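One structure is given here, and the rest of the page talks about it.
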Amino acid sequence: MVLPMYMLHDYMEDRDGELFIDGMAVAEAAERFGTPLYLYSEKRMRENYRRIHRAFSSRRRNFKVNFAVKANNNLTTLNILRSEGSGADCSCPAEIMLAKMAGFRDDRLLYSGNYNSDAELRYGLESGAIVNLDDGPLLARMLKFGRPEVISFRINPGRGQGKYEGLVFAGPDAKFGMMEEEALKAYRFARDSGIGRFGLHMMSGSNVLDPEYFPAITERLMEIASNIASELKISFDFIDIGGGFGVPYQPEERELPIEEVASAVVDSYEEKTGGALGDPTLFIEPGRYLVCDAGILLARVTHVKRAQKTFVGCDAGMNTLLRPALYGAYHEIVPAQRLGDDRTLGANVTGQICENSDIMGRDRHLPDLDEGDLLAFMNCGAYGYSMASNYNTRVMPAEAFIAGGRLQLTRERETMTDFLRRQIVPPELMRDAQ
Ligand SMILES: Cc1ncc(COP(=O)(O)O)c(C=O)c1O
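Quick note on numbering: the numbering used here labels position 238 of the sequence shown as 238, and the sequence is numbered without any gaps.
Rendered as structure tokens:
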């Protein structure tokens, strides 16, 4: 059987069977910092930002990118994207704090939460971020603490699209946003409460590779926006079409033609601007597109079980990278120092977690691996570390960058001391059994 080549990105190299990124052997990072390790390329993040920014800004002057912090909450990532000119889309107060720590100016922060508590609404208001509310009645609750200068609401445009069911964020079953009728009530209440400036937002789905989806859903959003603007005689400072720009994870998937998408989206957008809507700034808030293919996860093989099937166990599991267990997501897995070896093994790659859903890849063709071999999981820069957990009492992994031509540790591996720091055992429960 002729197997397809491993799916490496064009900024990666196979040097005599060894995986190199930006001129560095990834094995060196694993040696220095241990595994499991998230390793990112500064260069690739910057290229991703510039590509999508250029595609839109060359067609529309009034345009801004706000990185979705939930995709990758490493402070180095945030500093890199801030220095490129990005704003930050934050899902909770902690992400607002992180973004501020990374130097984002208050007026470049967007707070798009959902099902907020009073304390969160108050923090959002006082933080200086533009608050984007997921439901009309949240505004009345926020007004107890003060009146924001600008308010935005999240619209459910009636349909959404996403690579997995869990990544469809709009439509009749979605927990997010408001349908047009409710949104109209929310903006009316905001206007009548004395708020004078408005934004409008949607986030209808994630990891979409269909270029036609973006202009179609933008057209729908703009219809809703112009209905609201003309009914209430308000205009919008910005309209945010969300993120969702997909990245190929599987060999058969094709890259999103971002120039074509930007051109069609701007056309849909500008068909409705001017007139009642004014000239709102077009916002996008990509997460995955900026960071996904800039990161890999490195793991060591811990044991190979040759049973009814072959299982390659490694030190990264669903606790380290949740996406395969959560969505059935595919991540290409490559043997980082044996790229040229014959792929004689057909195996399921698994972590060390006590769940049968802890399968990182099924029926993968790999060389005859041994304990200690290094695996690299591709496309782990988005929703990798930020979704990791302590399940099965595993400590959180480390993160490193290849930045400025050097390997740099940017988040230490958690230790058991860190893990235990917040635990308090009532003294009377520490006695031995009688
Ligand atoms: C409100 C909001 N904005 C932006 C994003 C980023 O999405 P993506 O990574 O698909 O671009 C998300 C992802 O869940 C989100 O919930």
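Yeah, the Cβ is synthetic: ideal placement off N, Cα and C, and Gly gets one too.
For clarity, every value in this text was computed on a predicted model and none was experimentally measured.
Under three-state DSSP, which class holds residue i?
i	result
residue 132	strand
residue 26	helix
residue 481	Past the edges of the chain, shown from 1 to 434, lies residue 481, and the structure says nothing about it.
residue 241	coil
residue 438	Given that the chain is displayed from residue 1 to residue 434, the structure contains no residue 438 and the question cannot be resolved.
residue 259	helix
residue 144	coil
residue 88	strand
residue 183	helix
residue 435	Coverage of the chain is limited to positions 1 through 434, which leaves residue 435 absent and any answer about it impossible.
residue 21	strand
residue 292	helix
residue 405	coil
residue 374	strand
residue 424	coil
residue 38	strand
residue 273	coil
residue 302	strand
residue 189	helix
residue 76	helix
residue 363	strand
Between the beta-carbon of residue i and the beta-carbon of residue j, is there less than 8 Å?
i	j	result
residue 83	residue 65	no
residue 376	residue 298	yes
residue 282	residue 63	yes
residue 234	residue 189	no
residue 40	residue 316	no
residue 179	residue 207	no
residue 220	residue 247	no
residue 109	residue 92	no
residue 95	residue 73	yes
residue 169	residue 158	no
residue 244	residue 204	yes
residue 384	residue 49	no
residue 392	residue 359	no
residue 132	residue 102	no
residue 160	residue 171	yes
residue 200	residue 152	yes
residue 217	residue 284	no
residue 348	residue 394	no
residue 187	residue 138	no
residue 421	residue 398	no
residue 14	residue 339	yes
residue 314	residue 351	yes
residue 267	residue 215	yes
Using 8 Å for Cβ pairs, my map puts residue i next to residue j. What's the rounded Cβ distance?
i	j	result
residue 177	residue 154	4 Å
residue 410	residue 400	6 Å
residue 213	residue 331	That pair is no contact at about 23 Å.
residue 32	residue 374	At roughly 13 Å, the Cβ-Cβ gap does not stay under 8 Å, so residue 32 and residue 374 are not in contact.
residue 363	residue 346	6 Å
residue 256	residue 228	Not a contact, Cβ separation roughly 29 Å.
residue 278	residue 236	6 Å
residue 286	residue 67	7 Å
residue 343	residue 367	6 Å
residue 29	residue 337	Their Cβ separation, rounded to whole angstroms, is 12 Å, which puts residue 29 and residue 337 out of contact at 8 Å.
residue 12	residue 20	7 Å
residue 251	residue 4	5 Å
residue 403	residue 76	7 Å
Report whether the distance from the Cβ of residue i to the nearest heavy atom of ligand 2 is below 7 Å.
i	result
residue 103	As far as ligands go, the structure on display features ligand 1 and does not contain ligand 2.
Consider the Cβ of residue i: report whether some Cβ of chain D lies at a distance smaller than 8 Å.
i	result
residue 349	This model lacks chain D altogether; it includes just one protein chain.
Fill in: By C-beta, the residues closer than 7 Å to any heavy atom of ligand 1, given in chain order
68, 70, 71, 89, 91, 112, 169, 203, 206, 207, 242, 243, 244, 245, 285, 286, 287, 288, 289, 382
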